[in-house]
Amino acid sequence: MSTDDSLLNPALNPWEKQDAPIDSPLFKASKILPSETDLPTDVWKGVTMKDTVPSPGIVPGIEIPEQDSVVASSSSPASPSKINPPINTRLTTPTSRSPSIAPHPTADEVPFDFQTFLDQMKTKGAEPVARYLRSFLTNFARRSFSVNDQIKLIHDFLDFIFIRMRESDVWKNASPQEFDNASEAMEKLVMNRLYDYTFTPEIDRSNRLVNTDDLERDHVLQQRIMLFGWVREQHLDIPVSEGSPGFISFAQQELRKINHYKAPRDKMICVLNCCKVIFGLIRHLHKQEGADAFVPILIFIVLKANPAHLLSNIEYINRFRRPEKLQSEAGYYLSSLMGAVSFIETMDHSSLSNISQEEFERRAILHLPASTAPSPPPSLTAGNGSSYVGDESARLLKFPSPSGDTSFAEDTRRFFQRTGETISKPMNLIGKIFTNALDGFEDSSQPSNQQDERRRQESPASAEYVYAAPIPTPYQPRIRPPPSSSRRDTPRLASPAFLQATRGSAGLTASPGTRTPDVGGSGRGSPMDFSAMQREIDRAHEVAASAARETLLSIFPGVESEVADLVLEATNGDLGLSIEKLLEMGISS
Amino acid sequence: MSRTQHQFKLVLLGESAVGKSSLVLRFVKDQFDDYRESTIGAAFLTQTVTLDDNTVVKFEIWDTAGQERYKARAPMYYRNANCAVVVYDITQTASLEKAKTWIRELQRQADPSIIIALCGNKTDLEARRQVTKEEAQKYAEEEGLMWSETSAKSGEGVADIFISIARKLPKNVPPTASRGAGGATPTGRARVDLNKQTPTAGPDACNC
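Keeping their order, the protein sequence lines are chains D and W. Heads up: the first sequence at position 570 corresponds to 570 in the UniProt record's numbering, and the numbers run straight through without jumps. Heads up: the second sequence at position 150 corresponds to 150 in the UniProt record's numbering, and the numbers run straight through without jumps.
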């Protein structure tokens, strides 16, 4: 093992305690920052991660009531030979997805809120935790580790810090769900801060040593996907309806957002949101829901979206998302995405329908990337300005989805029909989706498809690479009282200005409240400046909020922006729900 | 009351159009008016079964695309699966042949402790039956598979097959279930899978 002496530098592992759950040589060095004091651990001694970190789903508190509560079994005749023992209902929260817009989080669901966590980290009770975290980040940044060491260091640190968190006053009495949220937030915070050191394209961008082949694989995949720019639905036996284009561009957009967020959790949510939109399309097409329908569309979306650094992103999620969060549903959809990529990597004419070998080759050659390949879609990630861009949280879409007894198709149809009735001039993606879907149902001949087509022809070369200004993830209104005056001054940005504005805003990181020196050496602000983080996140939320507001206003020109704000607040920033709500209020466009 | 919940990964294989997805939707939906736990879509579903002895078995059901062109992707789905339901259509002889290739692949490549159930679907189309019960049952016996017939349409037999698997799953995997090929089943293999189950909710939920 090529550990050099600096590994044994005591300062390298300041957060380690004798009980730190690590056995790697990296962690042998003991010693703690001089100021560290031993914490009273008696109360929580023996608490294991299994006890303290339940796993209520991928997106705790947002949409997934994964918390298992098995309803008591109805009594059964205890005859062992009985073939059909009772299957017992399980679950849980009586969350209704019915069109009435009950704001989602229900009584026993505590929504994930990164802001709350940052606030908690600023409190006195969290000081020991904050100190450990700071030391860890500082030392992680001091030298470069191999990927495997990074994975181990980070996971070990998280295991360790979770125990410390449980011991602290702040989380001592947190419910399992609340503590899971806090753990999620801690993972997010750590990875937000270490993004430049762990996400391969960022490592490269900051001129650090890259020791994986992620970038080569990204490049090969991206080039390969460009060869298949001509692939259409029929080549993958995907049915088409007039509503398809809207769903398909929506899904692409969700997938591309993967490059906006830093934390593995948030990137994963982007994947899930993309998949969710795909299921919206499947319902719209009246296809049987299942992998037979899902997989081809996912492949199609990956081909169309061609997100920058897709493999790097997947690898990053696999490496740094906690394993227990990569099981179940998240595991399924991440595997499916990996499957889609691997399909594309090996795709030839025999993998596609309705095309001969000659035709396949002819088209692929036509699409050979020019020597001056189009530059990849601009990434919204940090590294271009404020180091806090992308720190905010992604949220799972609340795309209209099944409730109780209505079938998916019914549900979706109703949603679109109602929406469509009132739309006259769709001005954006959402509107387009609704209109197209409606056209499909009412067989109206007015095709926004043609506009689509025209647009595509107007910019053939760039079509696949446009990074559409995202419909930002629904913002979450801040609930906590505003402690800092500067936040109110945060400029509201219209979405097109988002990119430039945030890139040029390096000054944001300088904060009078900065408590630690810049340990990252990146000159981009200290890793632990919670206030600056929060300001930037607030800003991202502002941007998202203003984009959501614009969308609403474009669908409902008659609505005053204050009303739009109120509705967005009431729906927690969810666009789909907001649109429904306005419709229910009888407001037409 | 003390209850043990076990969580198992179940992978669903079979040609497209044999009714895989309908089968599992029937299983998941029938008992409940809502299967909200699928938050994204119906390719991944969960369902919980409570057995007589109060054992709770939670299935995580991973659907796979049945089209031939996606076959090479299957290992990503059956990796670490505890059980597999391989579905064929009793009105299509070819679909049983396809099922057999899946089974051979599972026997060769999947975890040796995997429990495989062969399932003939569409018994509501009895008049068009091409695959006899005897033929399928004989094959299943030879290979040490569970076997039954179902109708996703009427619901007949659907719950039974999952319940039978649930019975067979927790820990005591009968020798017959670990079929021929994989031979050297390292003992404790199933336990490894059990341990990797998601730690569930309350502090008392996981006592492994």
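Just so you know, even glycine gets a beta-carbon here, dropped at the ideal spot from N, CA and C.
Please check if any C-beta of chain W sits within less than 8 Å of the C-beta of Ser342 (chain D). Interface residue, yes.
Applying the criterion that 16 or more other CB atoms from any shown protein chain within 10 Å of the CB defines a buried residue, is Gly14 (chain W) buried or exposed? With 16 or more other Cβ atoms inside 10 Å of its own Cβ, Gly14 (chain W) counts as buried.
Would you kindly work out how many angstroms separate the C-alpha atoms of Arg164 (chain D) and Val57 (chain W), rounded to a whole number? Computed Cα separation, rounded: 33 Å.
Arg131 (chain W) versus W:Thr46, W:Val87, W:Thr50, residue with shortest Cα-Cα distance: Looking at the sequence shown, residue 131 (chain W) is not Arg but Val. Of the listed residues, the one whose Cα sits closest to Val131 (chain W) is W:Val87.
Is Trp62 (chain W) close to chain D? Criterion is C-beta to C-beta, closer than 8 Å. Taking 8 Å as the threshold, the shortest C-beta distance from Trp62 (chain W) to chain D falls below it.
Specify the secondary structure class of Ala117 (chain W) as computed by DSSP and reduced to three states. Strand, per DSSP.
Could you tell me the distance, in whole angstroms, from the CA atom of Lys325 (chain D) to the CA atom of Val271 (chain D)? Spanning the two alpha carbons is a distance of roughly 14 Å.
Could you check which residue in D:Leu368, D:Pro128, D:Glu569, D:Arg142 has the C-alpha nearest to that of Met226 (chain D)? Of the listed residues, the one whose Cα sits closest to Met226 (chain D) is D:Leu368.
Check whether chain D comes within 8 Å of Tyr78 (chain W), counting only Cβ atoms and requiring the distance to be less than that. Nearest CB-CB separation between Tyr78 (chain W) and chain D: not below the 8 Å threshold.
Amino acids of chain W, ordered along the chain, whose beta-carbon sits closer than 8 Å to that of residue 590 (chain D): Residue 590 (chain D) is absent from the model: chain D starts at 1 and stops at 589.
Which residue marks the beginning of the alpha helix (DSSP H) containing Ser350 (chain D), and which one marks its end? Segment: none, Ser350 (chain D) is in no alpha helix (DSSP H) and carries neither H nor E.
Out of D:Glu315, D:Arg283, D:Arg205, D:Gln115, which has the shortest C-alpha to C-alpha gap to Leu334 (chain D)? Selected option, being the one with the closest Cα: D:Glu315.
Decide yes or no for the touch test of the region 114 to 133 of chain W against the region 90 to 104 of chain W: beta carbon pairs closer than 8 Å, at least 3 of them. Contact between the region 114 to 133 of chain W and the region 90 to 104 of chain W is present, with at least three C-beta pairs closer than 8 Å.
Look up Val57 (chain W) in the DSSP assignment and give the residues it is bridged to. BP columns for Val57 (chain W) point to W:His6, W:Val49.
Taking the DSSP output, what are the residues bridged to Glu68 (chain W)? Secondary-structure assignment with DSSP links Glu68 (chain W) through no beta bridge to anything.
Using the C-alpha atoms, what's the distance from Glu184 (chain D) back to residue 596 (chain D)? Because chain D spans 1 through 589 in this model, residue 596 (chain D) falls outside it and cannot be assessed.
Below-8 Å beta-carbon distance, Val295 (chain D) vs any chain W residue: Yes, because at least one Cβ of chain W sits closer than 8 Å to the Cβ of Val295 (chain D).
List the residues of chain D that Arg73 (chain W) touches, going by C-beta distances under 7 Å, in chain order. What Arg73 (chain W) touches in chain D: Gly339, Ser342, Phe343.
Which residues, in chain order, does the region 119 to 144 of chain W contribute to contact with chain D at a C-beta distance below 9 Å? Only those residues of the region 119 to 144 of chain W whose C-beta falls short of 9 Å from the nearest C-beta of chain D would be listed, and there are none.
Hey, which unbroken runs of the alpha helix (DSSP H) at 4 residues or more fall wholly within the region 129 to 214 of chain D? Correct list: 147 to 167, 176 to 198, 200 to 205.
For the ligand MN, is there a heavy atom less than 7 Å away from the beta-carbon of Leu12 (chain W)? With respect to small molecules bound, the structure shown includes none, and the ligand MN cannot be examined in it.
Tell me whether Leu397 (chain D) is buried or exposed, calling it buried when 16 or more other Cβ atoms sit within 10 Å of its Cβ. The residue in question, Leu397 (chain D), is buried, as its Cβ has 16 or more Cβ neighbours within 10 Å.
I need the straight-line Cα distance from Asp113 (chain D) to Leu303 (chain D), nearest angstrom please. C-alpha separation (whole angstroms): 33 Å.
For the beta strand (DSSP E) containing Asp391 (chain D), name the first residue and the last one. That residue, Asp391 (chain D), is in no beta strand (DSSP E); it is neither H nor E in DSSP.
Near Lys20 (chain W), what residues of its chain come up, given a Cβ to Cβ distance below 6 Å and the 5 sequence neighbours on each side ignored? Take Lys20 (chain W), set aside five residues on each side of it, and the residues of its chain with a beta-carbon closer than 6 Å to its own are Leu12, Gly14, Val87, in chain order.
Taking any Cβ of chain W, which residues in the region 266 to 281 of chain D have a Cβ under 8 Å from it, in chain order? Taken in chain order, the members of the region 266 to 281 of chain D whose beta-carbon sits within less than 8 Å of a beta-carbon on chain W are Leu272, Cys275, Lys276, Ile278, Phe279.
Going by C-alpha distance, which of D:Glu233, D:Asn313, D:Leu311 is nearest Leu281 (chain D)? That would be D:Glu233, whose Cα lies nearest to the Cα of Leu281 (chain D).
Mapping DSSP to helix, strand and coil, what is Phe44 (chain W)? In the structure shown, Phe44 (chain W) adopts extended strand secondary structure according to DSSP, grouped into three states.
Give the straight-line distance between the Cα atoms of Gly157 (chain W) and Ala340 (chain D), rounded to the nearest whole angstrom. Cα-Cα distance, rounded: 33 Å.
Where does Asp292 (chain D) sit, in a helix, a strand or coil, going by DSSP? Asp292 (chain D) falls in the helix class under three-state DSSP.
Going by C-alpha distance, which of W:Leu145, W:Glu60, W:Thr55 is nearest Val24 (chain W)? With distances taken between Cα atoms, Val24 (chain W) lies closest to W:Glu60.
Out of curiosity, what's the CA-to-CA distance linking Leu118 (chain W) and Ala17 (chain W)? Their backbone Cα atoms lie some 16 Å apart in a straight line.
Look up Cys83 (chain W) in the DSSP assignment and give the residues it is bridged to. Answer is W:Leu10, W:Ile115.
Do you know how far the Cα of Thr64 (chain W) is from the Cα of Phe294 (chain D)? The straight-line gap from Cα to Cα measures roughly 9 Å.
Contact between the region 162 to 177 of chain D and the region 122 to 135 of chain D: three or more CB pairs below 8 Å? Yes, the region 162 to 177 of chain D is in contact with the region 122 to 135 of chain D.
Between D:Leu285, D:Gln252, D:Asn273, D:Val210, which lies nearest to Ile238 (chain D) when the distance is taken from Cα to Cα? The shortest C-alpha separation from Ile238 (chain D) is found at D:Leu285.
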